[in-house]
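Respectively, the protein sequence lines represent chains A and B.
Going by our numbering, the first sequence opens with residue 913, and the numbers climb by one from there.
Going by our numbering, the second sequence opens with residue 196, and the numbers climb by one from there.
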Amino acid sequence: MSTKNWPLWEVFVRSKNGLEHRHFGSLHAADAEMALENARDVYTRRNEGVSIWVVESKNITASNPEHNGEMFEPAQDKVYRHPTFYELPDEVKYM
Amino acid sequence: MSEEQITRPNVSLGKGVENLETQFEERIARDEKIEPKDWMPEKYRQTHIRQMSQHAHSEIVGMLPEGNWITRAPSLRRKVALLAKVQDEAGHGLYLYSACETLGISRDELYEQLHSGKAKYSSIFNYPTVTWADMGAIGWLVDGAAIINQVPLCNTSFGPYARAMVRVCKEESFHQRQGYEIMIKLANGTPEQKDMAQDALNRWWWPSLMMLGPTDAESVHTEQSMKWKLKRKSNDELRQQFIDQTVPQADLIGLTIPDPDLKWNEERDSYDFGEIDWDEFWQVVKGHGPMNKERMKARVGAWEGGAWVRDAAMAHAAKNAERKEKEAV
């Protein structure tokens, strides 16, 4: 039996220049270099990407959906952050 | 302490969970996706771990019957295609294991369940692949049935599963086409080649029908699975769909479906078909198929035989990290 398990990595792929890296999934690998190579084989077998990021999953800090209330509530009553909040006469163009 | 004092907290706790469950079911009914860190009923978590891991195990064990023929493929064209297909299956297994791990079970536990026989995989892989035509029949029929099963899962309620399935389905259609192409070639070849294709169809037809699961009357999880969108159509509906779309494909290349009761039913706009031997199905599920032992032996052997490689990779990674640290000082 193995003495130590390969850590988990999250894989982000840029499908083409001009687009952001997007989370594609995860995989296990012994180190970053192997994670990159495995990510290429697991997630880009059909030219799905031009750039790959891998980050060890334990280094990601995630928000807790159970706290979504206090986390995202502050944005909810600030309608004045949206252009539609402001009243303009109909005659105004290009605004 | 009065009885009331003892029971009250439990009652209110029970109500709280009930409430959460109702909200949860409503979210799914509204087509909202459930993500790993969201609250979910324990049964939802367990059912998903079971189904997703079974699915992943099937992809992994599914490599064995086909891997058997890679070195003996009749041409380079067939060889690269089969190699790519088997590699895809490894990939599909890995997408699904990762998605399953988001529910809080480790890869090691998942493997352990497979290797100890606690977890099941699709019993179709417990049949042997005795001729090259079996590569054709598997791609055409087994992957064909798998696609019918999998396409509805692209819309299932658990986000990571749905996303993995979108990727799987995109890749799967090449698998079926390469299989059918093998069958076309053999069916149009020498009489011996045609016989070989027919023989493969004879052996894989019924197991492929069984692969779509027990009849609706026997299927225990259907109602719950429909609610959670793990299932969109019943097993019998899927089976009928598979038969209706596959029979004309056999006709087209001059092969005969091995079912004397198969007949077009004008009224139903579907094929009627013969009795499925469910005893055989349950025998194979219970571990008495022709290749159950062999498959597990190969799988466990690969895992144990590869242990030193995994250990060496970790040792190498540790050494590299140490060297980098020293260089930085």
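Where is the CB? At the ideal position from N, CA and C, for every residue including glycine.
Determine the extent of the beta strand (DSSP E) in which residue i is found, giving its start and end residues.
i        : result
B:Lys458 : Lys458 to Asn460
A:Arg926 : Leu920 to Arg926
A:Leu939 : His933 to His940
B:Trp473 : Counting along the chain, B:Trp473 falls outside any beta strand (DSSP E), though it belongs to the alpha helix (DSSP H) covering Trp473 to Gln478.
A:Ser963 : Ser963 to Glu968
Report yes if the CB atom of residue i is closer than 8 Å to the CB atom of residue j, and no otherwise.
i        : j        : result
B:Phe353 : B:His252 : no
B:Leu396 : B:Pro453 : yes
B:Ile319 : B:Met406 : yes
B:Thr326 : B:Met391 : yes
B:Val256 : B:Arg494 : yes
B:Met330 : B:Gly374 : yes
B:Leu433 : B:Ile343 : yes
A:Glu922 : A:His935 : yes
B:Pro485 : B:Asn263 : no
B:Met491 : B:Gly288 : no
B:Ala359 : B:Leu291 : yes
B:Pro355 : B:Pro231 : yes
B:His310 : B:Trp498 : yes
B:Pro269 : B:Ile333 : no
B:Lys422 : B:Glu220 : yes
B:Asp338 : B:Glu367 : yes
A:Lys916 : B:Met509 : yes
Less than 8 Å between CB atoms is the rule here; does residue i satisfy it with respect to chain A?
i        : result
B:Arg225 : no
B:Met509 : yes
B:Lys232 : yes
B:Glu221 : no
B:Gly257 : no
B:Ser311 : no
B:Asp338 : no
B:Tyr290 : yes
B:Ser293 : yes
B:Ala512 : yes
B:Gly299 : no
B:Asp456 : no
B:Asn205 : Note that B:Asn205 scores 39 on pLDDT, short of 50, meaning its location in the model is unreliable; the coordinates nonetheless yield the value given after this. It does not: the Cβ of B:Asn205 has no partner Cβ on chain A nearer than 8 Å.
B:Gly286 : yes
B:Ile201 : The pLDDT assigned to B:Ile201 is 37, lower than 50, so where the model puts this residue is not dependable, and the model offers no usable value.
Rounded C-beta distance between residue i and residue j? I'm assuming under 8 Å.
i        : j        : result
B:Phe468 : B:Ile448 : Incorrect: roughly 19 Å between the Cβ atoms, too far for contact.
A:Val991 : A:Ile964 : Wrong, their Cβ atoms sit about 40 Å apart, outside the cutoff.
B:Ala160 : A:Ala942 : Outside the shown range of chain B, which is 196 to 524, sits residue 160 of chain B, and nothing can be said about it.
B:Ala314 : B:Gln249 : 6 Å
B:Cys364 : B:Ala357 : No, B:Cys364 and B:Ala357 are not in contact; Cβ-Cβ is about 11 Å, not under 8 Å.
B:Leu381 : B:Ala328 : 6 Å
B:Lys428 : B:Pro323 : Rounded, the Cβ-Cβ distance is 31 Å, inconsistent with contact.
In terms of alpha-carbon separation, which member of the options lies closest to residue i?
i        : options                                   : result
B:Lys424 : B:Gly496, B:Pro409 and B:Arg225           : B:Arg225
A:Val962 : A:Lys970, A:Arg952 and A:Lys990           : A:Arg952
B:Trp473 : B:Gly408, B:Asn350, B:Asn487 and B:Lys458 : B:Gly408
B:Glu254 : B:Gln282, B:Pro386, B:Tyr322 and B:Val442 : B:Gln282
B:Arg240 : B:Cys295, B:Arg222 and B:Ala276           : B:Cys295
B:Ala340 : B:Arg372, B:Trp503, B:Glu517 and B:Asn460 : B:Arg372
B:Met378 : B:Ile471, B:Glu221 and B:Trp335           : B:Trp335
B:Glu227 : B:Thr351, B:Gln249 and B:Lys519           : B:Thr351
B:Glu213 : B:Pro236, B:Ile229 and B:Ile223           : B:Pro236
B:Thr410 : B:Arg302, B:Glu470, B:Ser317 and B:Lys422 : B:Glu470
A:Ala974 : B:Gln308, B:Gly482, B:Phe369 and B:Asp233 : B:Asp233
A:Gly937 : A:Glu968, A:Phe984 and A:Gln988           : A:Glu968
A:Ile944 : B:Glu520, B:Ala516, B:Val524 and B:Ala523 : Looking at the sequence itself, residue 944 of chain A is Ala, so the reference to Ile does not match. Here the closest residue by C-alpha is B:Ala516.
B:Asp464 : B:Gly482, B:Thr451 and B:Gln435           : B:Gln435
B:Ser293 : A:His933, A:Lys928, A:Asn929 and A:Val954 : A:Val954
B:Arg362 : A:Glu982, A:Arg957 and A:Ile972           : A:Arg957
Taking CB distances under 8 Å as the criterion, tell me whether residue i reaches chain B.
i         : result
A:Glu978  : yes
A:Val954  : yes
A:Asn901  : Nothing in the structure corresponds to residue 901 of chain A, since chain A is present only between 913 and 1007.
A:Arg993  : no
A:Asn917  : yes
A:Met983  : no
A:Gly961  : no
A:Ala947  : no
A:Arg957  : yes
A:Ala942  : yes
A:Ala1008 : Because chain A in this structure spans residues 913 to 1007, residue 1008 of chain A falls outside the shown range and cannot be described.
A:Met913  : Note that A:Met913 has pLDDT 44, beneath the 50 cutoff, so the model's placement of it is unreliable and the number below is only indicative. True, the Cβ-Cβ gap to chain B drops below 8 Å.
A:Leu939  : yes
Over the uninterrupted alpha helix (DSSP H) stretch that includes residue i, give me the two end residues.
i        : result
B:Glu522 : Ala502 to Ala523
B:Phe468 : Premise fails: B:Phe468 is in no alpha helix (DSSP H) and is neither H nor E.
B:Asp329 : Ala328 to Ala332
B:Trp399 : Pro386 to Met406
B:Trp335 : Unbroken run through B:Trp335: none, as it is neither H nor E.
B:His250 : Glu237 to Ile265
A:Phe997 : First-last for A:Phe997: undefined, no H or E at that position.
B:Glu325 : At residue 325 of chain B the sequence reads Val, which differs from the Glu that was named. Here B:Val325 belongs to no alpha helix (DSSP H), and DSSP marks it neither H nor E.
Show which residues of chain C have a CB atom less than 9 Å away from the CB atom of residue i.
i        : result
B:Asn515 : Protein chains in the displayed structure are A and B, and chain C is not among them.
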